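Asks:
Protein chains: 2
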Amino acid sequence: MEIKVMKNILNANQNKADEIKQHLKEKKVLMVNIIGSPGAGKTTLLEKTIESLKETYSIAVIEGDVATDRDARRLQKYDIPIVLINTDGACHLESISIQNALAEFDLDKTDIVFVENVGNLVCPAEFDIGEFAKIAVISVTEGDDKPEKYPLLFREAKAMILNKVDLIEYTDFNKTEFDESLRILNGGLSKFEMSCRKNEGLEGWLDWLKNTHAETAK
Amino acid sequence: MEIKVMKNILNANQNKADEIKQHLKEKKVLMVNIIGSPGAGKTTLLEKTIESLKETYSIAVIEGDVATDRDARRLQKYDIPIVLINTDGACHLESISIQNALAEFDLDKTDIVFVENVGNLVCPAEFDIGEFAKIAVISVTEGDDKPEKYPLLFREAKAMILNKVDLIEYTDFNKTEFDESLRILNGGLSKFEMSCRKNEGLEGWLDWLKNTHAETAK
Numbered sequence: 021m022e023i024k025v026m027k028n029i030l031n032a033n034q035n036k037a038d039e040i041k042q043h044l045k046e047k048k049v050l051m052v053n054i055i056g057s058p059g060a061g062k063t064t065l066l067e068k069t070i071e072s073l074k075e076t077y078s079i080a081v082i083e084g085d086v087a088t089d090r091d092a093r094r095l096q097k098y099d100i101p102i103v104l105i106n107t108d109g110a111c112h113l114e115s116i117s118i119q120n121a122l123a124e125f126d127l128d129k130t131d132i133v134f135v136e137n138v139g140n141l142v143c144p145a146e147f148d149i150g151e152f153a154k155i156a157v158i159s160v161t162e163g164d165d166k167p168e169k170y171p172l173l174f175r176e177a178k179a180m181i182l183n184k185v186d187l188i189e190y191t192d193f194n195k196t197e198f199d200e201s202l203r204i205l206n207g208g209l210s211k212f213e214m215s216c217r218k219n220e221g222l223e224g225w226l227d228w229l230k231n232t233h234a235e236t237a238k
Numbered sequence: 021m022e023i024k025v026m027k028n029i030l031n032a033n034q035n036k037a038d039e040i041k042q043h044l045k046e047k048k049v050l051m052v053n054i055i056g057s058p059g060a061g062k063t064t065l066l067e068k069t070i071e072s073l074k075e076t077y078s079i080a081v082i083e084g085d086v087a088t089d090r091d092a093r094r095l096q097k098y099d100i101p102i103v104l105i106n107t108d109g110a111c112h113l114e115s116i117s118i119q120n121a122l123a124e125f126d127l128d129k130t131d132i133v134f135v136e137n138v139g140n141l142v143c144p145a146e147f148d149i150g151e152f153a154k155i156a157v158i159s160v161t162e163g164d165d166k167p168e169k170y171p172l173l174f175r176e177a178k179a180m181i182l183n184k185v186d187l188i189e190y191t192d193f194n195k196t197e198f199d200e201s202l203r204i205l206n207g208g209l210s211k212f213e214m215s216c217r218k219n220e221g222l223e224g225w226l227d228w229l230k231n232t233h234a235e236t237a238k
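Protein chains in written order, with this note's numbering: chain H, 21 to 238; chain Z, 21 to 238.
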């Protein structure tokens with residue numbers, strides 16, 4: 021009974037996600053789904069990314085949060101459209117909420133939609149929300165064993181951001197083991213190392229976004 | 021329909037949790053449920069705690085993990101009973117698995133059971149697994165806004181460990197704001213600051229465990 025209900029939820033979610041994908045494709049909008057632990061640096065990544073791209077691209081943001089509007093408020097300074105989804109305790113976003121949120125944007129005038137998912141490495145990886153790509157964000161202070169311990173996200177992601185590399189010397193993070201576990205899980209993953217807080221090392225990620233958007237807009 | 025099923029799951033979980041609580045009380049066993057983000061330092065906390073207490077107390081561990089036995093293997097060196105629960109993708113532990121795991125221990129010869137929950141600040145806080153206390157583990161590198169963003173855990177917890185304080189000078193962590201948000205959420209919370217990796221500052225936490233165990237064993 022529980023299993024059947026869960027399957028129905030996942031099927032309904034996937035149908036809605038497929039509708040979203042089709043709609044975004046028609047509108048030539050790139051949507052990425054940013055997933056990482058609490059405190060991995062997802063909002064700071066968004067801040068620095070928006071600062072760099074907002075003159076060139078029309079950007080909109082969907083902020084997923086369990087309980088507050090803290091992250092959404094942090095992005096208000098950029099004067100871009102933001103929809104906040106408070107999940108009221110739920111641990112991930114689903115496609116029905118994303119569809120409602122997207123209806124708030126003028127997609128004919130939007131290039132990129134960033135979705136910041138709830139801080140969680142487990143459940144958000146299971147739910148397609150109609151994104152073109154899942155982006156895994158992990159910080160060196162979380163440890164090099166995270167891909168092996170939370171494999172689904174790293175298998176599903178098209179790109180991975182290793183954040184807080186400025187702190188690596190104060191940790192036991194083993195870059196060789198980390199890279200090896202990613203290679204085994206997902207050899208095609210695009211990988212970027214940076215310090216979002218210090219605004220260092222974002223170039224590769226920004227180029228990836230620009231190229232990916234160009235593909236989407238073809 | 022979904023809501024009703026979820027309620028049934030939570031009720032079934034709570035009934036089982038109540039049975040566990042009663043059983044542990046009869047056996048004078050203290051069980052604590054350790055909850056935190058991926059990489060907050062839960063396993064390292066267990067390592068240092070077991071090292072300090074294993075001569076005085078009979079300790080057993082239940083390790084919750086999405087996919088691997090990495091954390092369980094890290095604890096094998098202490099020659100204590102360990103049961104690994106692989107949730108196979110699920111984001112939290114439930115009381116039925118805990119009851120099965122406890123059946124593997126000789127509770128007449130056990131003083132303290134540590135449960136390391138799945139790395140996640142959201143779902144584990146919703147599920148009573150029969151523990152005497154939930155322990156929230158958070159590291160300074162995750163940021164001072166985590167209690168406000170993930171309030172349920174910090175409301176439910178009896179004790180909170182702020183880990184990786186040796187890294188605080190390299191972060192923007194604001195201790196005053198952090199303490200203030202905890203005070204608002206849960207004024208009765210016992211708070212401990214430490215660096216598990218450097219084995220510094222654990223005394224208050226170890227005293228809390230000793231006193232809490234003494235209360236349980238009365």
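Where is the CB? At the ideal position from N, CA and C, for every residue including glycine.
Bear in mind that the values here come from a model prediction, so they are computed numbers and not experimental data.
In the structure shown, what three-state DSSP assignment does I118(Z) receive?
Replies: Looking at I118(Z) - three-state DSSP - the assignment turns out to be helix.
Asks: Is it a yes or a no for the segment 157-165 of chain H touching the segment 187-198 of chain H, going by three-plus beta-carbon pairs under 8 Å?
Replies: At 8 Å Cβ cutoff, the stretches touch.
Asks: Anything in the segment 56-73 of chain H with a Cβ closer than 7 Å to a Cβ of chain Z? List those residues in chain order, please.
Replies: So the close ones are S57, P58 and G59.
Asks: For chain Z, find out if any of its Cβ atoms is closer than 8 Å to the Cβ of S159(H); answer yes or no.
Replies: At least one chain Z Cβ lies under 8 Å of S159(H).
Asks: List the residues of chain H whose Cβ lies closer than 8 Å to the Cβ of R90(Z), in chain order.
Replies: What R90(Z) touches in chain H: D165, E168 and K169.
Asks: Helix, strand or coil for K154(Z), going by three-state DSSP, please let me know.
Replies: Residue state, collapsed to three classes: strand.
Asks: How long is the line joining the alpha carbons of L30(H) and P144(Z), rounded to whole angstroms?
Replies: Answer to the nearest angstrom: the Cα atoms are 21 Å apart.
Asks: DSSP has G84(H) in a bridge; who is on the other side?
Replies: In DSSP, G84(H) forms a bridge with I105(H).
Asks: Could you confirm whether any beta carbon from chain Z is found closer than 8 Å to the beta carbon of N219(H)?
Replies: Not closer than 8 Å to any Cβ of chain Z, the Cβ of N219(H) fails to qualify, so no.
Asks: Which residues in chain Z sit within 8 Å of K184(H), going by Cβ to Cβ distance?
Replies: Here the neighbours are T161.
Asks: Which same chain residues end up closer than 8 Å to A121(H) when comparing Cβ atoms and leaving out the 5 residues on each side of it in sequence?
Replies: So the qualifying residues of the chain are I82, V103 and I105.
Asks: Which word fits N7(H), buried or exposed, when buried means at least 16 other C-beta atoms lie within 10 angstroms of its C-beta?
Replies: Coverage of chain H is limited to positions 21 through 238, which leaves residue 7(H) absent and any answer about it impossible.
Asks: Going by beta carbon distance, what residues of the same chain come within less than 6 Å of V135(Z), once the five residues before and after it are set aside?
Replies: Closer than 6 Å at the Cβ level, and outside the excluded window around V135(Z), lie N53 and I82.
Asks: Rounding to the nearest angstrom, what Cα-Cα distance links I181(Z) and K195(Z) in this structure?
Replies: Computed Cα separation, rounded: 13 Å.
Asks: For E22(Z), is the classification buried or exposed, using 16 other Cβ atoms within 10 angstroms of its Cβ as the cut-off for buried?
Replies: Because the pLDDT of E22(Z) is 48, which lies under 50, any placement of that residue in the model is unreliable, and the question is left without a value.
Asks: Would a check of beta-carbon distances place N31(H) closer than 8 Å to chain Z?
Replies: N31(H) does not count as touching chain Z.
Asks: Quick check on K166(Z): buried or exposed, where buried means 16 or more other Cβ atoms within 10 Å of its Cβ?
Replies: It counts as buried.
Asks: To which residues of the same chain is L127(H) closer than 7 Å at the C-beta, ignoring the five residues directly before and after it?
Replies: The answer, listed in chain order, is K47 and V49.
Asks: In this structure, does DSSP put K166(Z) in helix, strand or coil?
Replies: If DSSP states are grouped into helix, strand and coil, K166(Z) belongs with the helices.
Asks: With 8 Å set as the bound, which would you pick, yes or no: does the beta-carbon of C216(Z) sit closer than that to a beta-carbon of chain H?
Replies: No, C216(Z) lies away from the interface with chain H (no Cβ there is under 8 Å from its Cβ).
Asks: Interface residues of chain Z around V142(H) at Cβ under 7 Å?
Replies: V86, C111, V138 and N140, listed in chain order.
Asks: For chain H, check one thing: does any of its Cβ atoms lie closer than 8 Å to the Cβ of Y240(Z)?
Replies: Nothing in the structure corresponds to residue 240(Z), since chain Z is present only between 21 and 238.
Asks: So which residues of chain Z does E190(H) contact, with C-beta pairs closer than 8 Å?
Replies: Note that residue 190(H) is Tyr in the sequence shown here, rather than Glu. What Y190(H) touches in chain Z: D186, L187 and Y190.
Asks: For I132(H), I'd like the list of residues in its chain whose CB is within less than 8 Å of its CB, leaving aside the five on either flank, ordered along the chain.
Replies: Excluding sequence neighbours, I132(H) sits near V49, L50, M51, V52, L73, Y77, S78, I79, A80, L229 and H233.
Asks: Is the beta carbon of E168(Z) less than 8 Å from the beta carbon of S201(Z)?
Replies: Going by C-beta atoms, E168(Z) is nearer than 8 Å to S201(Z).
Asks: How many angstroms separate the CA atom of E39(H) from the CA atom of E114(H)?
Replies: Approximately 13 Å, taken between the alpha carbons.
Asks: List the residues that DSSP assigns as beta-bridge partners of E213(Z).
Replies: The partner list for E213(Z) (beta bridge, DSSP) reads L182(Z).
Asks: So what does DSSP say about N206(H), is it helix, strand or coil?
Replies: Coil, per DSSP.
Asks: Taking only runs that begin and end inside the segment 43-96 of chain H, name each unbroken beta strand (DSSP E) of 3 or more residues, in chain order.
Replies: List check, beta strand (DSSP E) in window: 50-56 and 79-85.
Asks: Could you please give me the residues that DSSP links to I132(Z) through a beta bridge?
Replies: Bridge partners of I132(Z): L50(Z) and I79(Z).
Asks: For A123(H), is the classification buried or exposed, using 16 other Cβ atoms within 10 angstroms of its Cβ as the cut-off for buried?
Replies: Exposed: under 16 other Cβ atoms inside 10 Å.
Asks: Could you check whether the Cβ of L3(H) sits closer than 8 Å to any Cβ belonging to chain Z?
Replies: Because chain H in this structure spans residues 21 to 238, residue 3(H) falls outside the shown range and cannot be described.
Asks: In whole angstroms, what is the alpha-carbon distance linking F125(H) and L95(Z)?
Replies: In a straight line, the C-alpha of F125(H) is about 51 Å away from that of L95(Z).
Asks: Mind checking whether G150(H) and K41(H) have CB atoms under 8 Å apart?
Replies: It is a contact, given that the beta carbons lie within the stated cut-off.
Asks: Quick one, which of Q119(H), F147(H), E220(H) and I155(H) has its alpha-carbon nearest N206(H)'s?
Replies: Looking at the Cα atoms, I155(H) is the closest of the given residues.
Asks: What is the DSSP secondary structure of E220(Z), reduced to helix, strand or coil?
Replies: The answer is strand: DSSP assigns E220(Z) an E or B state.
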